[in-house]
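Accompanying notes for the structure given below.
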Amino acid sequence: MPSLEAVKLTKKYGDFTALSDLNLKIEGVKCVGYLGPNGAGKTTTLKIFTDMIRATSGEALINGHSVHREKRAALARVGSLIESPEIYPSFTPREALGMIAEIRGVPRSERKQKIEDAVSEVKMEEWIDKRVGKFSKGMKQRINIAAALLSDPDVVILDEPTTGLDPRGMAEVRDIVKSLKKRDRLIFMSSHLLPEVSDVCDEVAMIDHGKLLVYDTLANVTSKFSGSGANANVVEAGFSREVDGVSTIKAIESLPNVLAVDRIDSKNLRLTIKAGIEVQEQVLSDLAALRLGLVSFRPSSSALESTYLNLIKDTL
Ligand SMILES: Nc1ncnc2c1ncn2[C@@H]1O[C@H](COP(=O)(O)OP(=O)(O)O)[C@@H](O)[C@H]1O
Ligand SMILES: [Mg+2]
54 MPSLEAVKLT KKYGDFTALS DLNLKIEGVK CVGYLGPNGA GKTTTLKIFT DMIRATSGEA
114 LINGHSVHRE KRAALARVGS LIESPEIYPS FTPREALGMI AEIRGVPRSE RKQKIEDAVS
174 EVKMEEWIDK RVGKFSKGMK QRINIAAALL SDPDVVILDE PTTGLDPRGM AEVRDIVKSL
234 KKRDRLIFMS SHLLPEVSDV CDEVAMIDHG KLLVYDTLAN VTSKFSGSGA NANVVEAGFS
294 REVDGVSTIK AIESLPNVLA VDRIDSKNLR LTIKAGIEVQ EQVLSDLAAL RLGLVSFRPS
354 SSALESTYLN LIKDTL
């Protein structure tokens, strides 16, 4: 079974700790999202896993082999996309991938087949002999993913593969990433976009300020950490005036069916309330009756989103 493991992984850049005592064990055929805001330490982690940089302490293991001490064995079955340089525009995918295959030591006799397989996996067969200069960013990124697939890896590491693409390019790349699991692979994909991770991945590891916050299935993270689960809803209420005074928040908290009140900013609150549309209706009318200047009341995009925000908030 493919696996990735971080053991007390720490990375310091001078005095600054980018990654702090990260412990994470991922095993099996699945897609795991590595979710965190910009600067969280995602790229740092993925670079350590691919031996582009060295950890200050701790260890990264792939398929049970230490990336640092047994690089060859650890990386033999790994394909990665981290900060890929632009493909030279006058090359075709076949030419560009041919060079990469050669550099990586794919035997000459296997190259043609491996290149065609990888290109078909990213659904670019029709473009294999066209010049890359004419491609959209999304198409170029699909070729970069094909490059990661050249050695038919069982662990695929992707660093924010949709960043910088237009919405259509993002959707195309997400579809490709979803399909990569079919060949018994473990996919580890970083992203700062929660909706992307919940669309593409089976599990999520959340990181912020170099610390792992949680690693679990999407479903478990949603129900365990939102403090709500199936029995509660999260709504966001907006006001025309400041409502973050202690007495105002206390007044809202003491309304029937209100379970928790969190401040988003001085004029916006996140309310966890009991589930049910009647409850929503009643809380809305109670809230309006407090005459605090209520101007909006809408369900929070998802319980997972509030989980993400709550977890990140606690580390600020
Ligand atoms: N080479 C470096 N030297 C100094 N600081 C760095 C270096 N690389 C990254 N950092 C810092 O480490 C933190 C984590 O960076 P990174 O791993 O790139 O985060 P992410 O990929 O989650 O956005 C950031 O605060 C970043 O500024
Ligand atoms: Mg990054």
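Residue numbers (the numbering used here): 54 to 369.
Backbone N, C-alpha and C define an ideal beta-carbon position, used for all residues, glycine too.
Could you tell me the boundaries of the beta strand (DSSP E) in which residue i lies?
{"i": "Asp269", "result": "Lys264 to Thr270"}
{"i": "Phe241", "result": "Leu239 to Ser244"}
{"i": "Leu75", "result": "Phe69 to Glu80"}
{"i": "Ala313", "result": "Val311 to Asp318"}
{"i": "Leu134", "result": "Val131 to Leu134"}
Less than 7 Å separating the Cβ of residue i from some heavy atom of ligand 2?
{"i": "Glu213", "result": "yes"}
{"i": "Thr70", "result": "no"}
{"i": "Thr270", "result": "no"}
{"i": "Thr96", "result": "yes"}
By the three-class DSSP mapping on this structure, what secondary structure does residue i have?
{"i": "Ser300", "result": "helix"}
{"i": "Val394", "result": "The chain is shown from 54 up to 369; residue 394 falls before or after that span and cannot be answered."}
{"i": "Ser281", "result": "At Ser281 the pLDDT is 49, less than 50, meaning the model places this residue with poor confidence; the figure from the coordinates comes in the next sentence. Residue state, collapsed to three classes: coil."}
{"i": "Ser223", "result": "Contrary to the premise, residue 223 reads as Met rather than Ser in this sequence. Note: Met223 maps to helix in three-state DSSP."}
{"i": "Val253", "result": "helix"}
In its own chain, which residues sit with a C-beta less than 7 Å from the C-beta of residue i, not counting the 5 before and 5 after it?
{"i": "Leu312", "result": "Ala285, Thr325, Ile326 and Lys327"}
{"i": "Arg351", "result": "Val288 and Glu289"}
{"i": "Leu233", "result": "Val209 and Ile240"}
{"i": "Met192", "result": "Met177 and Trp180"}
{"i": "Phe102", "result": "Leu57, Ala113, Ile115, Val120 and Ile210"}
{"i": "Asp182", "result": "Thr145 and Arg147"}
{"i": "Ser73", "result": "Thr63, Gly263 and Lys264"}
For the alpha helix (DSSP H) holding residue i, just list the boundary residues, first then last.
{"i": "Lys64", "result": "It is not in any alpha helix (DSSP H) - Lys64 instead sits in the beta strand (DSSP E) that spans Ser56 to Tyr66."}
{"i": "Met192", "result": "Lys190 to Leu202"}
{"i": "Asp339", "result": "Ile330 to Ala342"}
{"i": "Gly7", "result": "Missing from the structure shown is residue 7; the chain here goes from 54 to 369 and no further."}
Is residue i near ligand 1, with its Cβ less than 7 Å from a heavy atom?
{"i": "Ala341", "result": "no"}
{"i": "Ala93", "result": "yes"}
{"i": "Tyr141", "result": "no"}
{"i": "Gly387", "result": "This structure leaves residue 387 out entirely; the chain is present only between 54 and 369."}
{"i": "Tyr361", "result": "no"}
Give me the Cα-Cα distance between residue i and residue j, rounded to the nearest whole angstrom.
{"i": "Ile168", "j": "Gly222", "result": "22 Å"}
{"i": "Ala108", "j": "Gln335", "result": "54 Å"}
{"i": "Ser281", "j": "Val172", "result": "With a pLDDT of 49 at Ser281, under the threshold of 50, the modelled position of that residue is not reliable, and the figure given next carries that caveat. The alpha-carbon atoms of Ser281 and Val172 are separated by roughly 44 Å."}
{"i": "Met242", "j": "Ala149", "result": "24 Å"}
{"i": "Val82", "j": "Val299", "result": "48 Å"}
{"i": "Gly111", "j": "Glu213", "result": "24 Å"}
{"i": "Ile229", "j": "Val60", "result": "30 Å"}
{"i": "Lys231", "j": "Ala224", "result": "11 Å"}
{"i": "Pro90", "j": "Glu331", "result": "36 Å"}
{"i": "Pro248", "j": "Leu362", "result": "13 Å"}
Who are the near neighbours of residue i in its chain, counting only those whose CB is closer than 8 Å to its CB and skipping five residues on each side?
{"i": "Thr70", "result": "Thr63, Lys64 and Gly263"}
{"i": "Arg157", "result": "Leu203 and Ser204"}
So, for residue i: in the same chain, excluding its five sequence neighbours on each side, which residues have a beta-carbon less than 6 Å away from its beta-carbon?
{"i": "Ile153", "result": "Ala200"}
{"i": "Ile79", "result": "Leu57 and Val85"}
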